[in-house]
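Per our numbering, the very first residue in the sequence shown carries number 1382; after that it's consecutive.
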Amino acid sequence: MSIRHLDLLLTPKSVAVIGASERPGSVGATVWRNLRSGAFAGPVWPVNLKHRTLGNAPVFDSVGDLPAAPDLAVICTPARTVPGLIEALGRLGTRAAIVMTAGIDGETRAAMLSKAKPYLLRVLGPNCLGLLSPHIGLNASFAHIDARAGDLAFVSQSGALVTAVLDWARPRGIGFSHMISLGEHADVDFGDLLDHLASDPHTRSILLYIESIESPRKFMSAARAAARNKPVVVVKAGRGAKGAAAAASHTGALAGSDLVYDAAIRRAGMLRVFNLADLFVAAETLTRFGRNRDTALTIMTNGGGAGVMAADAAEAAGVPLVELSPAVLATLDQALPATWSRRNPVDIIGDAPAQRYVDTLNALLAQRDTGAILFIHAPTAIVRSDDIAQACLPIAKGASGRLLSCWLGDDAVRPARRLFEEAGIADYATPEQAVNAFAMLATYWQNQALLLEAPAAGKPGEPALARARAIVSQAIGSSQLLLDEASAKALLSAYGIATVETVAVAPEAQAAVDAASRLGYPVALKILSPDISHKSDAGGVRLGLHDADELRDAAQRMLDTLRARQPRARIEGFTVQPMVARPQAQELIVGASVDPVFGPVILFGHGGTAVEVVADRALALPPLNRVLARDLISRTRVSRLLASYRDRPPADLDAVCDVLIAVSRMLADLPEIAELDINPIWADASGAIALDARVRLSPTPVAGASRFAIAPYPDGLAQAVSWRGHPIQLRPIKPEDAELHSEFVARLTPEDLRLRFFSARRELSPSELARLTQIDYDREMAFIAFEPDGVRPEILGVARAACDPDNVDAELGVIVRSDLKGQGLGTLLLDKLVAHLTARGTQRLVAIVLRDNSAMRDLALERGFVADRTWSDPGTLRLVLPLQPVSASV
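Structure below.
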C-alpha cells in the first residue's frame, strides 16, 4: 500500500491489546505479558469481555470503551471478529493494527482490508508473531524473549525465524531497531517496510527473510531506494522451484524462479545469503564490519594450519590475499622471530607472547595497503588467550573497520572472544566463516555498483519498430504463436542483430536444392515445423552439405525420419542457409522469458545443443545498458572463453552487449513476446551473428515495459519545443548524461548553486552525479533542456521531482544555466514536469525555497503555487501546487 501510518505501527505512543488474557499459553496472555514487562512508556490497554482486571490494569469491554484511540491495536481474537474490530478501531481514530489471528480465509481477509481502507488503517499480518521496537521498549509479539536495542532491522515472513534470530543475537550482544513478522502480509509488505526503514534513524542495516514477493516493481523501487542508504541482506527461501519446467525454449527451461530472484536481489543492490547460518554471519559482519571497503585480505595467525585453511577459503571465495610490501616485511622482521613465514598468511609462531601480537597488529595496521586484517588465534598453554585479547584491545578498538577476528576453540577462548565482541570487533567461529564474511561484503559492494545503473530500455538508435510489429501482428493474426526460423530472424534483424541469411522453402528436396544454388554451398538444412521446437533433438538439422546430391539426400532422409518419429507434427518446409566459417567463434545463447513474479528476464550463457546439460548461464532483469550487459556476461564461465587465450584474440564483447541490449529493447517494445532463444549465437573478434532463433508469442500481452520490474527509460516523454525562436529538446535525464550534467553544474555561478542546493560547491562526487542522473523513473523524474544541434549538446536547464512512496507529495527543484536565466526556460521545464506528475496521479508538488531566491519564488507563484502558512523555518518558504483533488482521509 504505502508508508502511510507506519510510524504509528513501529513507534506507537499507546497500545491496545484486543483479546488480552491471563489464560496460560494463549497468544493474548503472552502479548499482554510481553508488553507489560518491557520498557514501553506509553499506556497499554487490555480489551476483553471476559475479564474485569488483568493484574492491576482495568480491562475494557470493547474498543469503544477505550479512553482514547490507541496508536496501535494488537488483535488476538477469533478470525470472524477481525473485520468488525478493524472498522471500530478505524472509526475511533486508530491507524495501525497487528492481526495475530491465524486461519483467516479469503472472504474474511477481503472484509478486513475493506474495513481498513476508508481510514488508511495499516494492518500487519494476519497470522504473524507481531513486532518488537526495542529502542522504545515495545514488544508487541508473542516471542519468548525480548530484543536488545541496536541498529539492525529484521523483517521476516516467518515468525519462527524471528524467534531464532532473537535467540542467536541476545547472547552475542547484537541489538535491533525493529523485528517485524509479516505473516500473510495482506496489507503491510516488504516494499512498505523497506521504504520506511530506509529513512528510519534507528536503523543502519536491514535483514530480510523472503518467501514470496507480490508487488515486484514496488518491491524493486523500495529495495533500490533502501539499498542506496544502508546495507540490505536477504535470505530467499524456496530455491528449488522451477519457473517453467516444460517450456518451449531453452531459456524457459533454464530460467528457474530462484535464479530470477537472485538476479532481482543483485540488481537492487542487496546481498543474498542462502541459509540461516549465513544470515547470522551477515548480521555480525554488517553490525561490526559493514563499512569496510577493502578488496584484499591479510591473515595473521599463531598457527600455520589455521592460516592455510584461511588461505584456501580465500582462494575458493575469490578473495585476493595482499602481497606484503618491502616496508611491511622489514617492520615485521624486527618484531617476529627469524622463523616467521615472511609472507601472507603472517604466521607469528605458536609460542607468541602477547607483545608479539601487539607488534604484528601495529605493523599491519600502520600500512593502508595491507587491506583488511583477519586475526586468527588458537589457544596454547604458553599465554592465556584473554591476556592476548586484553593487550590487543587498545589497537583493535581503533581499527574495528579493518579488523576481523577468529578465536579458534570454545571454553579456552570464550573470555577473549567476549572482550573483542564488546569492543565492536567482528568475530567468527572458523577461518572459513571469517573469509566468507569478507567475500559477502565484497559481493555487496559489487551489487551496490550495479545499483547505480538505471539504464534506458535499449541502445541509441531506433529499431525498425514498424517492421517488427508487423511480423508479430501477422503471426498472431494467423495463430502462428511459435515463429518459424525465418520470421524469428527477421524480427532480430529489425533490432539490428546480425543473422545468417535464411531462406524458407516448401517441404520438397528440389526446393531446398534450388535455394542452395542461389545461396552457394556448403549449406545447413533445417526442418520448418511449428510442432518441433528443438530441431537438433528431433533430427531436424543437417550441417555442412556440400552439393545438390548431398542436400537432396539429406532433405529426403530428414522428412522420412521426422514423419516416422513425429507423425503428427506439421511439416511446413525447410530452411536453407549458408554455412558460416568462423572457426574461432564461441557458441553462446541469448534468451528471454517472462517470470510470473518479476516479469521479463534476460538470459546469457554457453550455447549450443548441450545448453541445458552445461547449464552455464546467468540472468538479469531488463532494462540493460552496456555496464549491466557486461556484468551479465561476466557471471558465466563462458566469459573466460570470450577473453583472449593462446592464439585466440578476444571476442568483440561490445557486439555481444549490443545483442543483449537489443533483446532488452525488444521486450519493452513488443509485449507479446513470451519466450525468445538465440541459440547458437556465434561471437568472435569480428562480432556476433545469430545462427538460429525461436520466438514464442502470446496473443495477450505478457511482456512490455509496463511489466518490467524496473521502470525503463521513458522514451515517449521526449519532446521538441521552440524556445527563443529555435528548437530545443525536453527529455528525461539518462545515466549517460552524467558527464554533461557535471559540466552543466560547473558552469553555474556559486550564487545559483547556493540558491538551488543550499550549498555553493561546484563539484559533484561520482555518487552524487549517479544519484542525479541514474533515477528510478517509477518514483522520480528529471527533465533536461538541451540543444541537440552542434558538435556536443549542452544541458541548458533541469527540473526534477522526487515523489514519496505514496505518490502524494513530490519535491521540486528547478535550475537553469546562469547565463540563460529570465528567458522562459524554467517555465518550459516546470510546465513539462507538472504535466507529467499530474498524469501519474501525484497529488501535490512542493518546493522548499530559500527566502532570498526571488526568481524561483516568482516562477512558482506565477504557475499557481501557494505559500504554506504553517511552515515555520525562518530561512525557507514551502510552496505547494495542488495537482489533484486531495481526499479527506489523506
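We put the beta carbon where it would ideally sit given N, CA and C, even for glycine. The structure displayed is predicted, hence computed values, not measured ones.
Where does the unbroken alpha helix (DSSP H) through D2133 begin, and where does it stop? Mapped onto the sequence shown, residue 2133 falls at position 752. Looking at the DSSP string, the run of the alpha helix (DSSP H) that includes D2133 is 2131-2138.
Using only CA atoms, which one of V1536, L1932, L1822 lies nearest to G1564? If you number the sequence shown from 1, residue 1564 lands on position 183. Looking from the CA of G1564, the closest CA among V1536, L1932, L1822 belongs to V1536.
Can you give the Cα-Cα distance for L1533 and M1560, rounded to whole angstroms? Residue mapping note: residue 1533 aligns to position 152 of the sequence shown, counting from 1. Residue mapping note: residue 1560 aligns to position 179 of the sequence shown, counting from 1. So the two alpha carbons sit approximately 9 Å from each other.
Please state the DSSP three-state secondary structure of Q2155. As a working mapping, residue 2155 is identified with position 774 in the sequence shown. Coil.
Hey, would you say L1416 sits closer than 8 Å to V1444, going by beta carbons? Numbered from 1 along the sequence shown, position 35 holds the residue referred to as residue 1416. Numbered from 1 along the sequence shown, position 63 holds the residue referred to as residue 1444. No.
Distance between A1770 and A1735 (C-alpha atoms, nearest Å): If you number the sequence shown from 1, residue 1735 lands on position 354. If you number the sequence shown from 1, residue 1770 lands on position 389. Cα atoms of A1735 and A1770: separation of roughly 8 Å, rounded to the nearest angstrom.
R1461 to D1573, Cα distance in whole Å? By one-based count along the sequence shown, residue 1461 stands at place 80. By one-based count along the sequence shown, residue 1573 stands at place 192. The straight-line gap from Cα to Cα measures roughly 27 Å.
Whole angstroms is fine: what's the gap from Q1861's alpha carbon to S1974's? Locating residue 1861 in the sequence shown gives position 480, counting from the first residue. Locating residue 1974 in the sequence shown gives position 593, counting from the first residue. A straight-line Cα-Cα distance of about 18 Å links Q1861 and S1974.
Quick check: what's the CA-CA separation for P1424 versus I1399? To locate residue 1424, count along the sequence shown from 1; it is residue 43. To locate residue 1399, count along the sequence shown from 1; it is residue 18. Looking at the two C-alpha atoms, the distance is approximately 14 Å.
Does DSSP put H1915 in a helix, a strand or coil? Position 534 of the sequence shown holds residue 1915. Note: H1915 maps to coil in three-state DSSP.
Helix, strand or coil for V1922 per DSSP? Sequence index remark: in the sequence shown, residue 1922 carries index 541 (1-based). Here V1922 sits in strand by DSSP.
Between the C-alpha atoms of A1793 and K1778, what's the straight-line distance to the nearest angstrom? For the purposes of this step, residue 1793 is identified with residue 412 of the sequence shown, where counting begins at 1. For the purposes of this step, residue 1778 is identified with residue 397 of the sequence shown, where counting begins at 1. Spanning the alpha carbons of A1793 and K1778 requires a straight line of approximately 22 Å.
Closest by C-alpha distance to D2157, when choosing among Y2094, F2167, E2175: In the sequence shown, counting from the first residue as 1, residue 2157 sits at position 776. If we check each option's Cα against that of D2157, Y2094 comes out closest.
If you drop the 5 nearest sequence neighbours on each side, which residues of the same chain put their C-beta closer than 8 Å to that of L1453? Your numbering for residue 1453 matches position 72 in the sequence shown. If we look at L1453 and ignore the five residues flanking it on each side, its Cβ neighbours are L1389, L1390, P1393, S1395, V1396, A1397, T1475, A1477, A1478, I1479, A1521.
Where does P1775 fall in DSSP's three states? Numbered from its first residue, the sequence shown carries residue 1775 at position 394. Of the three classes helix, strand and coil, the one that applies to P1775 here is helix, per DSSP.
Check the DSSP bridge columns for K1611 and list the partner residues they point to. To locate residue 1611, count along the sequence shown from 1; it is residue 230. Answer is none; K1611 lacks a bridge partner.
L1831 beta carbon less than 8 Å from that of I1852: Counting from one through the sequence shown, the residue named residue 1852 turns up at place 471. Counting from one through the sequence shown, the residue named residue 1831 turns up at place 450. Taking 8 Å as the Cβ cut-off, I1852 and L1831 do not qualify as a contacting pair.
Look at the alpha carbon of P2080 and the alpha carbon of I1857, and state the distance between them as a whole number of angstroms. Residue mapping note: residue 2080 aligns to position 699 of the sequence shown, counting from 1. Residue mapping note: residue 1857 aligns to position 476 of the sequence shown, counting from 1. Using only the alpha carbons, I get a separation of about 6 Å.
Chain-order list of residues whose beta-carbon lies under 6 Å from that of K1617 (same chain, five-residue window excluded): If you number the sequence shown from 1, residue 1617 lands on position 236. Cβ within range, chain order: I1591, Y1642.
Do you know whose CA, among R2075, A1691, A1807, W1826, lies nearest K1611's CA? Position 230 of the sequence shown, counted from the first residue, corresponds to residue 1611. Distances from the CA of K1611 to each of R2075, A1691, A1807, W1826 were compared; the closest alpha carbon is that of W1826.
Exposed or buried, which one is N1817 when buried takes at least 16 other CB atoms within 10 Å? As a first step, residue 1817 is located in the sequence shown; it is residue number 436 there, counting from the start. For N1817, the number of other beta carbons within 10 angstroms of its own is at least 16, and it is reported as buried.
For R2088, which of P2061, A2049, I2070 has the nearest alpha-carbon? Taking the sequence shown and counting its residues from 1, the one referred to as residue 2088 is at position 707. In terms of Cα proximity to R2088, the closest of P2061, A2049, I2070 is A2049.
My parser needs the beta strand (DSSP E) runs of 3 or more residues fully inside the region 2024-2075; what are they? The qualifying runs are 2054-2065, 2068-2071.
Can you give me the C-alpha to C-alpha distance between A1492 and G2106, rounded to a whole angstrom? Residue 1492 sits at position 111 when you count from the first residue of the sequence shown. Residue 2106 sits at position 725 when you count from the first residue of the sequence shown. Cα-Cα distance, rounded: 59 Å.
Contact set for L2264: own chain, Cβ-Cβ below 8 Å, skip 5 residues either direction: On the sequence shown, position 883 is the one that residue 2264 refers to. The answer, listed in chain order, is V2215, L2218, T2219, T2223, Q2224, R2225, L2226.
Mark L2252 as exposed unless 16 or more other C-beta atoms lie within 10 angstroms of its C-beta, in which case mark it buried. Numbered from its first residue, the sequence shown carries residue 2252 at position 871. Reading off the sequence, residue 2252 comes out as Trp, not Leu. Answer is exposed; the Cβ neighbour count stays below 16.
Let me know if A1890 comes out buried or exposed under the rule of 16 or more other beta-carbons within 10 Å of its beta-carbon. On the sequence shown, residue 1890 is found 509 positions in, with the first residue counted as 1. Its Cβ being crowded by 16 or more others within 10 Å, A1890 is buried.
If you compare alpha carbons, which of P1964, G1518, A1887, G1409 is closest to A1355? With the chain covering 1382 to 2271 only, the question about residue 1355 has no answer from this structure.
May I ask which residues mark the beginning and end of the alpha helix (DSSP H) holding F1421? Position 40 of the sequence shown, counted from the start, is the residue given in the question as residue 1421. It is not in any alpha helix (DSSP H) - F1421 carries neither H nor E in the DSSP assignment.
Between L1745 and I1754, how many whole angstroms is the CB-CB distance? I'm expecting something under 8 Å. Within the sequence shown, numbered from 1, the residue matching residue 1745 stands at position 364. Within the sequence shown, numbered from 1, the residue matching residue 1754 stands at position 373. Indeed they touch by this definition, with Cβ atoms about 5 Å apart.
Starting from the C-beta of I2176, find all residues in its chain whose C-beta is less than 8 Å away, skip the five residues before and the five after it, and write them out in chain order. Within the sequence shown, the letter at position 795 stands for residue 2176. Within the same chain, I2176 has close Cβ partners D2118, L2121, H2122, E2124, F2125, I2165, A2166, F2167, R2198.
Does the beta-carbon of P1718 have 16 or more other beta-carbons within 10 angstroms, so that it is buried, or is it exposed? Within the sequence shown, numbered from 1, the residue matching residue 1718 stands at position 337. Exposed, because fewer than 16 other Cβ atoms sit within 10 Å of the Cβ of P1718.
Just the Cα atoms here: how many angstroms apart are G1782 and T1751? Within the sequence shown, numbered from 1, the residue matching residue 1782 stands at position 401. Within the sequence shown, numbered from 1, the residue matching residue 1751 stands at position 370. Approximately 13 Å between the Cα atoms of the pair.
Using the beta-carbon count (16 or more within 10 Å), is T1883 buried or exposed? By one-based count along the sequence shown, residue 1883 stands at place 502. Buried, because 16 or more other Cβ atoms sit within 10 Å of the Cβ of T1883.
Given a threshold of 16 other Cβ atoms within 10 Å of its Cβ, counted over all protein chains shown, does D2039 qualify as buried or as exposed? Walking along the sequence shown from the start, residue 2039 turns up at place 658. Residue environment analysis places D2039 among the buried positions, since at least 16 neighbouring C-beta atoms fall within 10 angstroms of its C-beta.
The region 1645-1655 touching the region 1720-1733, judged by at least three CB pairs closer than 8 Å: Output reads no: the region 1720-1733 does not touch the region 1645-1655.
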